[in-house]
Amino acid sequence: MLTATHAGIILAPQQRYGIGELMRGVLRLINTKSTQGMQGQIEFLSNWVY
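Have a look at this one:
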């Protein structure tokens, strides 16, 4: 059986945050997690926007 992997998925609610808040959250995430740490993971951007 083959298993599919992905580089990581970031989910964000539509129209909840402004573009600036979203970008700060993405930057916070990529400065915290390595590419290996994101492998196969799902991250909710709302956990990184504050």
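Sequential numbering from 338 applies to the sequence shown in this note's numbering.
C-beta: ideal position from N, C-alpha, C; glycine also.
Comparing C-alpha distances from residue 363 to each of 352, 374, 380 and 342 shows the shortest one belongs to 380. Boundaries of the alpha helix (DSSP H) harbouring residue 366: 356-369, taken from the DSSP string. For residue 341, the closest alpha carbon among the candidates 376, 370, 358 and 386 is that of 376.
Short of 7 Å from the beta carbon of residue 354, and not among the five residues preceding or following it, lie these beta carbons of its own chain, in chain order: 386.
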